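Okay, structure first, notes after.
In UniProt numbering, the protein residues as written are 1 to 149.
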């Protein structure tokens, strides 16, 4: 999923989350409370780390940093290390769909706008056959710019 709502204050080099974003991070933890999660991955930004923080604390899992600019390399590692496991990945509006592409699944939405904070993407990688992806929503409705709510 994409990170939660970020602080848009001008001049911030690495913005954190807004109060709404902090609430969404809690909603992520609550939404995934029954999921058997093996690993957490985040990019190296304050907003992605903060989005995963409540889930990581509740599961006592340390998020690992991945390079969203090299999705094909990261997907090779993911497939090797986490075969048959549930993994949570937090990224960005401009990288998540490329990651879904690299996993071999069709995009469940054509694009993500800067206002799309509430998508939760589930990608399934079967041992054989094509990967699949579906989009759902979690937390409070985001003010989506793509009109795909």
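Using N, Cα and C, we set each Cβ at its ideal position, and we do this for glycine too. Remember, predicted model here, so these are calculated numbers, not experimental data.
Q | Contacts around residue 32, its chain only, beta-carbon distance under 8 Å, and the 5 residues preceding and following it disregarded | A | 55, 88
(Q) Quick check: the Cα distance between residue 133 and residue 2, rounded to an integer number of angstroms? (A) 15 Å
Q: Would you identify the three-state DSSP class for residue 85, choosing helix, strand or coil?
A: coil
Q: Drop a sphere of 10 angstroms on the beta-carbon of residue 147, count the other beta-carbons inside from all chains shown, and report buried for 16 or more, exposed for fewer.
A: Annotation note: pLDDT 42 at residue 147 (below 50); position unreliable, coordinate value reported separately. The residue is exposed, with fewer than 16 neighbouring Cβ atoms inside 10 Å.
Q. In chain order, what residues of the same chain lie with their CB nearer than 6 Å to the CB of residue 35, ignoring the 5 residues before and after it?
A. 86
Q) Taking residue 84 as the reference, which of 123, 8, 22, 69 has the closest Cα? A) 123
Q. What residue does the beta strand (DSSP E) around residue 48 start on, and which one ends it?
A. Premise fails: residue 48 lies in the alpha helix (DSSP H), 46-59, not in any beta strand (DSSP E).
Q. At which residue ranges does the segment 86-136 contain complete alpha helix (DSSP H) runs of 4 or more residues, listed in the order of the chain?
A. 96-102
Q) Helix, strand or coil: which one does DSSP assign to residue 148? A) Any answer about residue 148 is weak, because its pLDDT of 45 lies below 50 and its placement is not dependable; what the coordinates show is given next. It is coil, neither helix nor strand.
Q.
With the cut-off set at 8 Å, would you say residue 76 and residue 40 are in Cβ contact?
A. no
Q) Using DSSP with H/G/I as helix, E/B as strand and the rest coil, what is residue 70? A) coil
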